[in-house]
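There are 2 protein chains.
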Amino acid sequence: MSVTFAQGFSAAGVVAGISSVEGKKDLALVVNNGPLDAAAGVFTSNRFCAAPVQWSRKVVADGHVKAVILNSGGANACTGEAGYAQSQATAETVAALLGTDAGDIAVCSTGLIGELLPLDNVLAGAKTAHEALASTPQAGADASHAIMTTDTKPKTVELEGNGYRIGGMVKGSGMIAPQLATMLCVITTDAVVSAGQLQAALASGVDTSFNRIDVDGCMSTNDTVLLLASGASGVEPDPDEFNDLVAAACSSLARQIIGDGEGASHDIRISVTGATTEEAALACGRAVAASNLLKCAISGNDPNWGRIVSSLGTVPPDVAPYDSNKVTVDVNGVRICENGGAGRDRSEVDMTPREVHIDIDLNAGDAEATVWTDDLTHEYVHINADYES
Amino acid sequence: MSVTFAQGFSAAGVVAGISSVEGKKDLALVVNNGPLDAAAGVFTSNRFCAAPVQWSRKVVADGHVKAVILNSGGANACTGEAGYAQSQATAETVAALLGTDAGDIAVCSTGLIGELLPLDNVLAGAKTAHEALASTPQAGADASHAIMTTDTKPKTVELEGNGYRIGGMVKGSGMIAPQLATMLCVITTDAVVSAGQLQAALASGVDTSFNRIDVDGCMSTNDTVLLLASGASGVEPDPDEFNDLVAAACSSLARQIIGDGEGASHDIRISVTGATTEEAALACGRAVAASNLLKCAISGNDPNWGRIVSSLGTVPPDVAPYDSNKVTVDVNGVRICENGGAGRDRSEVDMTPREVHIDIDLNAGDAEATVWTDDLTHEYVHINADYES
Chain Z
1 MSVTFAQGFS AAGVVAGISS VEGKKDLALV VNNGPLDAAA GVFTSNRFCA
51 APVQWSRKVV ADGHVKAVIL NSGGANACTG EAGYAQSQAT AETVAALLGT
101 DAGDIAVCST GLIGELLPLD NVLAGAKTAH EALASTPQAG ADASHAIMTT
151 DTKPKTVELE GNGYRIGGMV KGSGMIAPQL ATMLCVITTD AVVSAGQLQA
201 ALASGVDTSF NRIDVDGCMS TNDTVLLLAS GASGVEPDPD EFNDLVAAAC
251 SSLARQIIGD GEGASHDIRI SVTGATTEEA ALACGRAVAA SNLLKCAISG
301 NDPNWGRIVS SLGTVPPDVA PYDSNKVTVD VNGVRICENG GAGRDRSEVD
351 MTPREVHIDI DLNAGDAEAT VWTDDLTHEY VHINADYES
Chain C
390 MSVTFAQGFS AAGVVAGISS VEGKKDLALV VNNGPLDAAA GVFTSNRFCA
440 APVQWSRKVV ADGHVKAVIL NSGGANACTG EAGYAQSQAT AETVAALLGT
490 DAGDIAVCST GLIGELLPLD NVLAGAKTAH EALASTPQAG ADASHAIMTT
540 DTKPKTVELE GNGYRIGGMV KGSGMIAPQL ATMLCVITTD AVVSAGQLQA
590 ALASGVDTSF NRIDVDGCMS TNDTVLLLAS GASGVEPDPD EFNDLVAAAC
640 SSLARQIIGD GEGASHDIRI SVTGATTEEA ALACGRAVAA SNLLKCAISG
690 NDPNWGRIVS SLGTVPPDVA PYDSNKVTVD VNGVRICENG GAGRDRSEVD
740 MTPREVHIDI DLNAGDAEAT VWTDDLTHEY VHINADYES
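See the structure below:
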């Protein structure tokens, strides 16, 4: 279902011959049929941001987006003016098909960095996708398949508010760092909301979801999260409920990225409590989530708490004040580190579940934060060393 | 030879039964026979620093060290007061054997975090080591073997100044981050120098060596670098020459760590030129060195410049001002990224040598810096996931 769960949206996912994988759906189109065309976006902070990011940032700036075209099979990043011209030509083609302005068409790309797209295939694919547009669950599902790269499964969300709906899709598996760890995401709603409301809801929702997951610590050049409102339900939502629902959609999609992280055999939830501030808790969680040594240990089913506390120890005291002699660490409910030293034996920890819970109590305050990461496996190295490109 | 290359030092490396590896040399003793006992030290900034670090920091504070006892097979980190008592008891035993004060005996440990040492074995080993003390090349070699953990070979250095010598040994293979990426290091000299001179030379030497290598981004709890002067040559060195020689010793040892990084199949030198400041160059080099995706690509012999520039793009503009459209990247002499986009085809790059040279020109200024890292291989994951502990 994904983006077509909300009323007022049609979508398509087609084979355009952009991906090197023969017969793979690699081009998606999402159209907002109104009556509203309110939109908000959040983009990568990478200084080598891709041409489609440069294009779409401008498109979203005025709060209006009529359609989004997305492709896998090529990131169109580090492609200079020629790459930017490709994004623009793609938007112009979609605009002509829809009878609107190119300035209302967002463009997203994902795939290898540094190569131009096969533009003829993209533009022909846009026409094919336009012909295939539908508001059916299948059309939404097709779109969510077309944006996959190393993802092993599509990632979608459907949520119902009081008289309105939210749908969404995301792709992302590697190059996932906690600075907008997303790759490409489109969330749709049929609620009656303004662009300003959308931007506030999205920024807040992203902050506690996509910005709190880490597969490999690598920031992408193409990260884009778009939130589009059609207003087709005719319902003006309660602002708090709407914000919560957008945040829930982001969290669900972020969690699905972790569940499909490249090569991952364990999804790791790191909760830090007892911090002086939420920022302090977040800094500690992110430090632990970034530890290659811990992530290898977890892939070997060892709840190696030494690698947890040695990561905590890298967070500067002014960022996260705590006393190392008061820190406790539970893994899957077993307190294996007590007062900064050995607690119960780590052999007591059941590491068979895919989900691993690391609960760190700094015993320094009342603030907390949760981040997610994956373990580091042979398969991750295989995917990123032995790939064909 | 290692630490016994400089006159006035004796050393030993013995089997003490601390390591779980049957028959492995696991305890080293290095004694400064004078006439001087000047010393300097640099330690990990990890807030969960090990008991021997807490102990040795105090010992070195007054600029005098008579001997250093080092063990592999256990880090004595996160072991609380009982761990500190073990470090102190070890120092007291060595002090009694040498007829000096425990306050002049530094202690270093490396191995698993979170467990106490088998103290009886350590103390008995100290006696065995004391009996084995010698100033021979073999004694120095034995010491360098005794501190190895996942190291596959000992790492030593011998340099000659104008009438004086510098020797040294280091251990380190994993848990190597560019904040004192060392684990354990002892450098000796027979030059006549004060503790103040030693501290200045060591701080400067470490800054451009151990602080510029990164195996896996993980900071250790036990990092210790000691520089000891016996004055036995009777030569007061030219200060600049001495500083350069200490820096050269540190660089040689740091380079050896990279050459023996856990599971590494490529040693990667990342040189950043054209930066506005050395700090900016260093920040860019470290960002690239920390990229798991790039390190996987290199292990697969792919000079994936997209993963280089996407890492550069994570450095904030206020830290390293540059224009992404002016950046060039050469890998092993082939300019595969020009003006922030594709340059020559990456298939032209010969990736067969173990050493890979990544030369990044930011074209923004005249400052430069070089950092080293290793590739990320299946074997790294194997060592850190499937280990026995």
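Chains Z and C, in that order, are what the protein sequence lines are.
Counting with the numbering used here, you get residues 1 to 389 for the letters of the first sequence.
Counting with the numbering used here, you get residues 390 to 778 for the letters of the second sequence.
Here a beta-carbon is modelled for each residue, glycine too, at the ideal position from N, C-alpha and C.
Is residue i close to chain Z, meaning its C-beta is less than 8 Å from at least one C-beta of that chain?
i: C:ALA731; result: yes
i: C:CYS673; result: no
i: C:PRO706; result: yes
i: C:ALA774; result: yes
i: C:LEU765; result: yes
i: C:SER713; result: yes
i: C:VAL770; result: yes
i: C:VAL677; result: no
Out of the options, which has the shortest C-alpha to C-alpha gap to residue i?
i: C:ASN728; options: C:ASP739, C:ASN721, C:TYR711; result: C:TYR711
i: Z:ASP223; options: Z:ILE147, Z:ALA229, Z:ASP366; result: Z:ILE147
i: C:GLN443; options: C:LYS455, C:GLY423, C:ALA464, C:PRO424; result: C:ALA464
i: C:GLY663; options: C:THR393, C:THR539, C:VAL575, C:LYS715; result: C:LYS715
i: Z:SER403; options: Z:ILE257, Z:LYS153, Z:ASP361, Z:GLY285; result: This structure leaves residue 403 of chain Z out entirely; chain Z is present only between 1 and 389.
i: C:ALA679; options: C:ALA621, C:LEU642, C:ALA566; result: C:ALA566
i: Z:LEU226; options: Z:THR377, Z:SER56, Z:ASP101, Z:VAL319; result: Z:SER56
i: Z:ALA67; options: Z:GLY163, Z:ALA82, Z:VAL107; result: Z:VAL107
i: C:TYR769; options: Z:THR276, Z:GLY300, Z:GLU160; result: Z:GLY300
i: Z:LEU98; options: Z:LEU133, Z:ALA287, Z:THR110, Z:MET183; result: Z:LEU133
i: C:SER660; options: C:SER654, C:ALA669, C:ALA653, C:GLY652; result: C:ALA669
i: Z:LEU159; options: Z:CYS284, Z:ALA38, Z:VAL246, Z:SER265; result: Z:VAL246
i: Z:ALA287; options: Z:THR276, Z:ALA264, Z:LEU312, Z:GLY263; result: Z:LEU312
i: C:ILE602; options: C:ASP748, C:VAL454, C:ALA643, C:ASP719; result: C:ALA643
i: Z:GLU262; options: Z:HIS64, Z:ALA85, Z:VAL331, Z:ILE383; result: Z:ILE383
i: C:SER654; options: C:ILE555, C:THR741, C:LEU508; result: C:THR741
i: C:PRO626; options: C:VAL582, C:VAL595, C:GLY406; result: C:VAL582
i: C:ILE747; options: C:CYS639, C:ARG696, C:ASP509, C:GLY529; result: C:ARG696
Apart from the five residues on each side of it in sequence, which residues of its chain come closer than 6 Å, Cβ to Cβ, to residue i?
i: C:LEU418; result: ALA401, ILE458, ALA518
i: C:GLY503; result: CYS467
i: Z:SER19; result: ASP26, SER72, GLY73
i: C:ASP540; result: LYS560, SER562, ASP649
i: Z:HIS378; result: none
i: Z:SER135; result: THR4, SER10
i: C:ARG554; result: PHE394, ALA395, ASP579
i: C:HIS512; result: Checking the sequence shown, residue 512 of chain C turns out to be Leu, not His. Cβ neighbours of C:LEU512 beyond the five flanking positions: THR482.
i: Z:MET175; result: CYS218, SER220
i: Z:SER144; result: SER2, PRO154, THR156, MET169
Is there a Cβ from chain C that is less than 8 Å from the Cβ of residue i?
i: Z:CYS78; result: yes
i: Z:SER291; result: yes
i: Z:GLY306; result: yes
i: Z:CYS296; result: yes
i: Z:ALA367; result: no
i: Z:LEU312; result: yes
i: Z:GLY174; result: yes
i: Z:SER299; result: yes
i: Z:VAL309; result: yes
What residues in its chain sit with their C-beta under 7 Å from that of residue i, if we drop five residues either side in the sequence?
i: C:ASN693; result: LEU683, ALA686
i: Z:SER389; result: The predicted position of Z:SER389 is uncertain, since its pLDDT is 44 and thus under 50; a value taken from the coordinates is nonetheless stated next. If we look at Z:SER389 and ignore the five residues flanking it on each side, its Cβ neighbours are LEU112.
i: Z:GLU81; result: none
i: Z:ASP375; result: ALA264, SER265, HIS266, ILE268, LYS295, ILE298, SER299
Considering only residues of the same chain and omitting the five flanking positions on each side of residue i, which have a CB-CB separation below 8 Å?
i: C:GLU667; result: ALA756, GLU757, ALA758
i: C:THR610; result: THR433, ASN435, PHE437, CYS438, ALA439, VAL442, ALA464, ALA466, CYS467, ILE502
i: Z:SER230; result: ALA6, GLN7, GLY8, PHE9, ASN32, ASN33, GLY34, PRO35, LEU36, ASP37, THR188, THR189, ASP190
i: Z:ILE336; result: PRO303, TRP305, VAL329, ASP330, ALA342, GLY343, ARG344, ASP345, ARG346, GLU348, VAL349
Return yes when at least one heavy atom of the ligand FMN lies under 7 Å from the C-beta of residue i, else no.
i: Z:HIS130; result: Judged by which ligands are present, the structure shown has none, so any question about the ligand FMN falls away.
Uninterrupted alpha helix (DSSP H) stretches inside the stretch 170–223 of chain Z (no shorter than 4 residues):
For the stretch 170–223 of chain Z, whole alpha helix (DSSP H) runs of length 4 or above, ordered along the chain, are 195–207.
Going along the chain, which residues of the stretch 104–122 of chain Z sit with their C-beta nearer than 9 Å to a C-beta in chain C?
Listed by position along the chain: LEU112, ILE113, GLY114, GLU115, LEU116.
In the stretch 97–135 of chain Z, which residue ranges form an unbroken alpha helix (DSSP H) of at least 4 residues, counting only runs that do not cross its ends?
If we require 4 residues or more, the alpha helix (DSSP H) runs fully inside the stretch 97–135 of chain Z come out as 119–132.
3-residue-minimum beta strand (DSSP E) runs that sit fully inside the stretch 612–662 of chain C, ordered along the chain:
DSSP runs (the beta strand (DSSP E)) wholly in the stretch 612–662 of chain C: 613–618.
Which of the residues in the stretch 604–624 of chain C, read from start to end, lie with their CB under 8 Å from any CB of chain Z?
Those would be ASP605, GLY606, CYS607, MET608, SER609, THR610, in chain order.
With a floor of 3 residues, list each beta strand (DSSP E) that falls wholly inside the stretch 342–373 of chain Z, ordered by position along the chain.
Those beta strand (DSSP E) runs which fall completely within the stretch 342–373 of chain Z and span 3+ residues are 355–361.
Positions along the stretch 430–461 of chain C whose CB lies within less than 7 Å of some CB in chain Z:
For the stretch 430–461 of chain C, the set of residues with a beta-carbon nearer than 7 Å to any beta-carbon of chain Z comprises ASN435, ARG436, PHE437, in chain order.
Inside the stretch 41–89 of chain Z only - beta strand (DSSP E) runs reaching at least 3 residues:
Those beta strand (DSSP E) runs which fall completely within the stretch 41–89 of chain Z and span 3+ residues are 67–71.
Select from the stretch 732–747 of chain C all residues with a C-beta closer than 7 Å to any C-beta belonging to chain Z, and list them in chain order.
Taking 7 Å as the upper bound on Cβ-Cβ separation, chain Z lies near no residue of the stretch 732–747 of chain C.
Please identify, using Cβ separations under 7 Å, the residues of the stretch 243–268 of chain Z that lie next to chain C, in order along the chain.
So nothing in the stretch comes that close.
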